[in-house]
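Heads up: the structure comes next, in structure tokens.
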Amino acid sequence: MFSSLPNQVTLSSTKENGKMATSVSRKSTGGFNFSKFWKKHSGDILPPIVGILFFLILWQLMSMVGLIKLPPPSDIITNERTRTYLMYPFFDRGGIDKGLFWQTLESLKRVLIGYSFAAVVGIGVGIMVGVNPFLNKALDPLFQFLRTVPPLAWVPLSLAALQQNQPAALFVIFITAVWPILINTTVGVQQIPQDYINVKQVLQLSNQKFFFKILIPSALPYIFTGLRIAIGLAWLAIIAAEIVMSGIVGIGFFIWDAYQNNYISDIILALFYIGGVGLLLDRFMAWLQNQIVRQ
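Okay, so the sequence shown: first residue is 1 according to UniProt numbering, each after it adds one.
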């Protein structure tokens, strides 16, 4: 009888140790697991990497055999001047002699300022036009006319009117980005189901409650579609505007200055910066849309 007790204790102790070991092993596997992450997301990550590598290899080969006159992408590393910009993006010697990080940051600041104004005006005017059929009929032809004007066409007019590069650049961003926001907001407001409007009348909701509880939530997917389109157009617009404007710090003027001095490899490196920032802006807006609209 007593001889069986140690076995029970040992067995119990073994079980407890087993539980502890299991607990420890679970804690140890609670961190980042790369294999699980890769298994889950490889289908989204691998195809873009393969596509980009294929494009770069094809470009390299076509340049080496002379099918295109551009330098190969490997010149970003082999060219001493371009390699300096690649390795030292944060240098600042004053004036416009800055690394590509600062050049890109200045352009991004202009985009965010002009884009913010465009978002406020586009959403506000879009709601007013969307709820008022007369305003929609009166202003829609004007909106459709103005939105087809290319960003570069606004540059000389904005420079003539504002006389300074910075305000002119902000205006070009604003006038380019405002239309997709405004038009999509208008459509979103007009697409509110009639049942929702009937709910307002039945429950006798105030205009304020109708605005925040029904109108904005219903139009939000359309608004974010406009915002996402507009951020890409704003980024394109500032690059084009900076190329025309002289003497300002920005990635667009950096490209134009490099072209004037025949630094083609510098232009290629700058294009990678532009594409990378544009991709990040688009992905951020898509993520923000999923977070807000889903709620």
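Backbone N, C-alpha and C fix where the C-beta goes; we use that ideal spot for every residue, glycine too.
Quick check: the Cα distance between residue i and residue j, rounded to an integer number of angstroms?
| i | j | result |
| --- | --- | --- |
| Leu157 | Thr84 | 37 Å |
| Asp140 | Trp287 | 31 Å |
| Gln289 | Ala237 | 23 Å |
| Arg93 | Lys137 | 54 Å |
| Ala119 | Leu67 | 44 Å |
| Ile127 | Gln208 | 14 Å |
| Ile216 | Asp195 | 15 Å |
| Leu159 | Val244 | 10 Å |
| Phe101 | Met87 | 11 Å |
| Trp38 | Pro48 | 14 Å |
| Phe91 | Met285 | 30 Å |
| Ser107 | Val199 | 46 Å |
| Phe212 | Phe145 | 31 Å |
| Gln201 | Thr225 | 29 Å |
| Ala219 | Ile192 | 7 Å |
| Lys40 | Phe34 | 10 Å |
| Leu281 | Lys69 | 31 Å |
| Leu58 | Ile76 | 16 Å |
| Ala161 | Ile267 | 31 Å |
| Ile229 | Lys109 | 18 Å |
| Gln204 | Ile214 | 13 Å |
| Ile181 | Ile45 | 30 Å |
| Ile113 | Arg283 | 19 Å |
| Arg147 | Thr78 | 43 Å |
| Phe210 | Val155 | 41 Å |
| Gly252 | Ile274 | 9 Å |
| Val111 | Thr82 | 26 Å |
| Gln60 | Gly276 | 20 Å |
| residue 296 | Pro89 | Within the shown structure, residues of the chain are numbered from 1 to 295, placing residue 296 beyond reach of any answer. |
Between the options, which lies nearest to residue i when the distance is taken from Cα to Cα?
| i | options | result |
| --- | --- | --- |
| Tyr115 | Phe143, Gln163, Phe272 and Leu233 | Leu233 |
| residue 296 | Pro217, Asn184 and Ile96 | An answer regarding residue 296 cannot be provided, because it is not within the stretch 1 to 295 covered by the chain. |
| Ile231 | Asn136, Gly278, Asn198 and Ile243 | Gly278 |
| Pro221 | Ile292, Ile267, Tyr196 and Asn262 | Ile292 |
| Leu227 | Phe174, Leu159 and Phe34 | Phe174 |
| Ala241 | Pro151, Ile181 and Trp59 | Pro151 |
| Ser265 | Gly276, Phe32, Phe91 and Pro72 | Pro72 |
| Val149 | Pro133, Gln164, Ala161 and Ala177 | Ala177 |
| Phe272 | Ser74, Lys109, Lys69 and Leu135 | Ser74 |
| Thr104 | Leu280, Leu281 and Ala270 | Ala270 |
| Phe134 | Gln190, Leu203 and Leu280 | Gln190 |
| Phe143 | Val125, Lys109 and Lys69 | Val125 |
| Tyr263 | Leu61, Phe32, Glu80 and Gln164 | Glu80 |
Does DSSP put residue i in a helix, in a strand, or in coil?
| i | result |
| --- | --- |
| Lys69 | coil |
| Asp92 | strand |
| Arg81 | helix |
| Thr29 | Because the pLDDT of Thr29 is 48, which lies under 50, any placement of that residue in the model is unreliable, and the question is left without a value. |
| Gly275 | helix |
Assign residue i to one of two classes, buried (16 or more other C-beta atoms within 10 Å of its C-beta) or exposed (fewer than that).
| i | result |
| --- | --- |
| Ala153 | exposed |
| Trp179 | buried |
| Gly130 | buried |
| Ser206 | exposed |
| Gly43 | exposed |
| Gly122 | buried |
| Ile223 | buried |
| Lys98 | buried |
| Asn165 | buried |
query: Are the stretch 182-201 and the stretch 249-263 touching by the rule of at least three beta carbon pairs closer than 8 Å?
result: The stretch 182-201 is not in contact with the stretch 249-263.
query: Taking three-plus beta-carbon pairs below 8 Å as touching, is the stretch 236-250 in contact with the stretch 47-59?
result: Contact fails: fewer than three Cβ-Cβ distances are below 8 Å.
field: Validate contact between the stretch 156-172 and the stretch 239-254 using beta carbons, cut 8 Å, 3 pairs
entry: Contact holds: three or more Cβ-Cβ distances are below 8 Å.
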